[in-house]
Structures are given as structure tokens and as C-alpha cells.
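Chemist: Numbering (our numbering), first residue to last: 103 to 135. Cβ atoms here follow ideal geometry from the backbone N, Cα and C, with glycine treated the same way. Encoded as C-alpha cells, here's the structure I'll be asking about.
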């Protein structure tokens, strides 16, 4: 497994987790208000 491949997978996971986290955070904020 090459390092470049690992970096690509890591960045994709980071983007997905970031987007999902943002959506969940906005939902909790909206429900809180």
C-alpha cells in the first residue's frame, strides 16, 4: 500500500467526516433553538 494512496483515503475520510459533523452540528443547534 503506497503512502499516496493512504493520504488520498485519509483526506476523503476527513472531508466526509467534516461534512457529516457540520450537518449534525447544525441540526443540534437548530433543535436547541
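Which class does residue 104 belong to by DSSP, given the choice of helix, strand or coil?
Modeler: It is coil, neither helix nor strand.
Chemist: Note down the Cα distance separating residue 104 from residue 131, rounded to an integer number of angstroms.
Modeler: Approximately 40 Å, taken between the alpha carbons.
Chemist: Just the Cα atoms here: how many angstroms apart are residue 133 and residue 127?
Modeler: Using only the alpha carbons, I get a separation of about 10 Å.
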